[in-house]
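The listed protein sequences derive, respectively, from chains A and B. Converting from the first sequence to the numbering used here requires adding 71 to each position, the first position being numbered 1. Converting from the second sequence to the numbering used here requires adding 5 to each position, the first position being numbered 1. Even glycine gets a Cβ: it sits at the ideal position worked out from N, Cα and C.
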Amino acid sequence: MIQEHLDIQLIAIVTAVACALPGVFLVLRRMTLMSDAISHAILPGIVLAFFLTESLSSPLLILAAAGTGVLTVVFVELLQRTKLVKEDAAIGLTFPALFSIGVILISRFAGNVHLDMDAVLLGELAYVPLNRLDIFGYDVGPVSVYVMGTILLLNLTFILLFYKELKLATFDASLAATLGFAPTLIHYGLMTLVSVTTVGAFDAVGSILVVALIAGPPATAYLITNRLSLMLILSAVIGSVNAVAGYWLAYLFDVSIAGAIATMTLLVFGLIFLAVPNRGLIAIARRRARQKWEFAQTMLVIHLFNHEGLPEAEAESEVAHLHEHLRWDPAFAAQVVKYALNNRCVLQEETQLTLTERGRTVAQQALVQ
Amino acid sequence: MENLNILTHLDYTLMIVAIGAALLGAVSGTLGTYAVLRRQSLLGDAISHAALPGIAIAFLLTGSKTPLILVLGAAVAGWLGTLLILSIVKLTRIKYDSALGIILSTFFGFGLVLHTLIQRTGNANQAGLDTFLFGQAATILESDVLTIGILGGIAIVIMLVFWKELKLLVFDEGFAASLGFPVRSLDILLTSLLVIAIVLGLQAVGAVLMSAMLVAPAVAARQWTDKLSVMMLFAAGFGALAGVSGTIISSSASRIPTGPTIVLCATVVVGFSIVLAPNRGLLWNSLRYQRNKRNLQVPTPLTGPQRTLEK
């Protein structure tokens, strides 16, 4: 029992990290949906490879999928280059067409063979550990761990080897080209990796949820930082957290593991969305509220400052008359006075307000600005 | 004469499916025109995937599987997804495509969780999920055609009522705002129309292929004209054509699923349009390029003397 739990979580974590790493670059290069397109469009490639090899676990499948993935990217760019179709429309046309070809091929020619559509689209992580690798008669673990692990190493190696090139090509493609870094090669290298990773992840999460693994953790990390190195590490960590938490959620409620991981991805994203210091929703709301009171206070001290020393000062400084002069709701006016009192910008003697030295400074600064 | 025979021997169910598919193709083509023009093609993809939890929740809340209720649930979920996408883009530094990707996949994942919860076996109910993913064009009933016709008709009528405002919104939002039009409300209206088209179209081609039904007819139509009204008519026509031809082709042989065939027909129409359309088409431009090249041949010392000699 414990071994089962460990196995599935291990596969989930390895898959999540393997997807999150290239996902960081996809998110930064605004190519997230290309991964969605690739994950659908490699279906005909897999089907054709299956027809050739008659086997579902042949490495040829991964190669065919990678090839079809790159082909998809090439096709989309060709379409865009005609200038007749915009980027998003090109993607929205290509992958359904390719996917349709795949589905028709399966239905027509592979109907009585086990190439389950749902497995391709949705995956089923629970069954994955059952397929085990035997080396010299020793059971060394699920096949998936080794496949996904290799892919993870591949991605990691690529990113480490070409870190500088990737960084430059992502943030300043023209400079990269000028310096001879061949951003196009980097681009296609990245796309090939994405295709390979997507196929590897089919077993676990299927093609639709791969996008959750590829886009979710990097986007969550992007909320926290915009430093590439930190973003990569955070994405890997967040991806792993989502995987483990998702697994236990699925175990508790007896639901789809991949779906639970995707749900956790959304929840974690939402949490960070709210809570990130400075940029999160909560921080934004608090800042807006504070700005509103500060502005009202500034208006109050300016109002008092303008009438200071003048004959009508007494009338203008009446607390009760503030809502007339400044057109404030009486309740609101009272709260502004309280705020200003707390900040020691005004002093209140019965119904009269007077400016403190600090309040005068605030008013003067505001007027100068 | 043989053609007439085929027409008179049309299978009733085939006719219903063909009409349903044609209607769906026409509606999604028409409303998809706006999506394509506003570069929101992939929003359709996101909405169609995000609709899954809505269907599950609708079933959980009402216990009923009537198409209308499920369609309503799908629409609400699709709408919620759109709102979230727009908030993410507005409030964070995450870009539009990543927001689409996140909502698309995580909503779908949540829908999957709900689905397996309903089944309580940890495995998705094949039939229900298959229908959502791939549509069930081949099993469209007369009642479905009625629903599609009525809802689609209402959407089109609303669109026609607000024709001028929506046209302005799509082509020059800033100008529309400066004229005092309620741009946000119009935006909401347009998105709602898109959501209706999508949840209707889910029945025919399913979530995975839905974006093609929105995008392909409009892209094809774009190649033939620059006028919005003409483009929409073409898009509706192409959509209907794809629906009918897809249905007929898939029924002519066994084990060919209808949804993907419709999508492929639509794609073929796009291919034809891109290549053959006058003015914009690739063939046209290639011929024009050749013609210009010939006409612009400047007489050089090598070609000049020959011509004078001929004279």
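For Gln423(A), the enclosing beta strand (DSSP E) stretches over residues Gln423 to Leu426. Out of Trp399(A), Leu393(A) and Val118(A), the CA that lies nearest to the CA of Gln423(A) is found in Leu393(A).
Counting other Cβ atoms within 10 Å of its Cβ, Val147(A) reaches 16 or more and is therefore classed as buried. Contact annotation: Ser103(B) and Ala272(A) have beta-carbon atoms that are not nearer than 8 Å. Taking a Cβ-Cβ threshold of 7 Å, the residues of chain A close to Pro265(B) are Ser171, Val174 and Ile175, in chain order. Listed by position along chain A, the residues whose Cβ is nearer than 9 Å to that of Arg44(B) are Lys157, Glu158, Asp159 and Ala160. In the structure shown, the three-state DSSP call for Glu75(A) is helix.
Excluding the 5 residues flanking it on each side, Gly140(A) has same chain C-beta neighbours closer than 6 Å at Ile109, Ile113 and Ser266, in chain order.
Using a Cβ-Cβ cut-off of 8 Å, Gly140(A) does not count as an interface residue toward chain B, since no Cβ of chain B sits closer than that to its own. Taken in chain order, the unbroken stretches of alpha helix (DSSP H) that lie wholly in the region 223-260 of chain B and span 4 residues or more are 233-257. Gln419(A) carries a strand assignment under DSSP once its states are collapsed to helix, strand and coil. For Gln228(B), the C-beta contacts it makes with chain A under 7 Å involve Leu155, in order along the chain.
When only Cα atoms are considered, Ser190(B) and Val98(A) end up about 30 Å apart. In this structure, Leu119(A) sits near Ala135(A), with a CB-CB distance shorter than 8 Å.
If you look at Gly116(B), you'll find it in the alpha helix (DSSP H) that goes Tyr101 to Gln124. Residue range Glu147 to Val166 is occupied by the alpha helix (DSSP H) that includes Asp149(B). Between Met262(A) and Val407(A), the CB-CB gap reaches or exceeds 8 Å. Excluding the 5 residues flanking it on each side, Phe167(B) has same chain C-beta neighbours closer than 8 Å at Leu191 and Leu194, in chain order. Of all alpha-carbon atoms in Ala31(B), Gly86(B), Gly25(B) and Arg98(B), the one lying nearest the alpha-carbon of Thr296(A) is that of Arg98(B). A Cβ-Cβ separation of about 4 Å places Ser327(A) in contact with Thr121(B) under the 8 Å criterion. When secondary structure is reduced to three states using DSSP, Glu389(A) falls in the strand class. Residues of the same chain with a CB within less than 7 Å of the CB of Ile309(A), apart from the 5 flanking positions on each side, are Pro288, Thr291, Ala292 and Val339 in chain order.
Annotation for Leu75(B): Ile60 and Ala63 place their beta carbon closer than 6 Å to its own, counting only its chain and skipping 5 residues before and after.
With a threshold of 16 other beta carbon atoms within 10 Å, Ile159(B) falls short and is exposed. DSSP, reduced to helix, strand and coil, places Ile90(B) within a helical segment of the structure shown.
In this structure Leu117(B) is buried. Its beta-carbon is surrounded by 16 or more other beta-carbon atoms within 10 angstroms. Between the C-alpha atoms of Arg429(A) and Lys409(A) there is a straight-line separation of about 16 Å. In the assembly as shown, Ser259(B) is an exposed residue. Its beta-carbon has fewer than 16 other beta-carbons within 10 Å.
Using a Cβ-Cβ cut-off of 9 Å, Val390(A) is close to nothing in chain B; its nearest Cβ partner there is about 38 Å away.
Boundaries of the alpha helix (DSSP H) harbouring Gln362(A): Leu352 to His378, taken from the DSSP string.
Listed in chain order, the alpha helix (DSSP H) elements of length 4 or more contained wholly in the region 281-338 of chain A are 299-324. Contact annotation, Ala307(A) with Val88(A): C-beta distance approximately 5 Å; criterion of less than 8 Å satisfied.
C-alpha of Trp289(B) to C-alpha of Ser278(B): approximately 11 Å in a straight line. In its chain, beyond the 5 residues on either side, Glu158 and Ala161 have a beta carbon closer than 7 Å to the beta carbon of Gln151(A). Just measuring C-alpha positions, the residue of His111(A), Leu223(A) and Glu383(A) sitting nearest Thr268(A) is Leu223(A).
The alpha carbon of Thr153(A) has as its nearest neighbour, out of Ser291(B), Leu184(B) and Asn297(B), the alpha carbon of Ser291(B).
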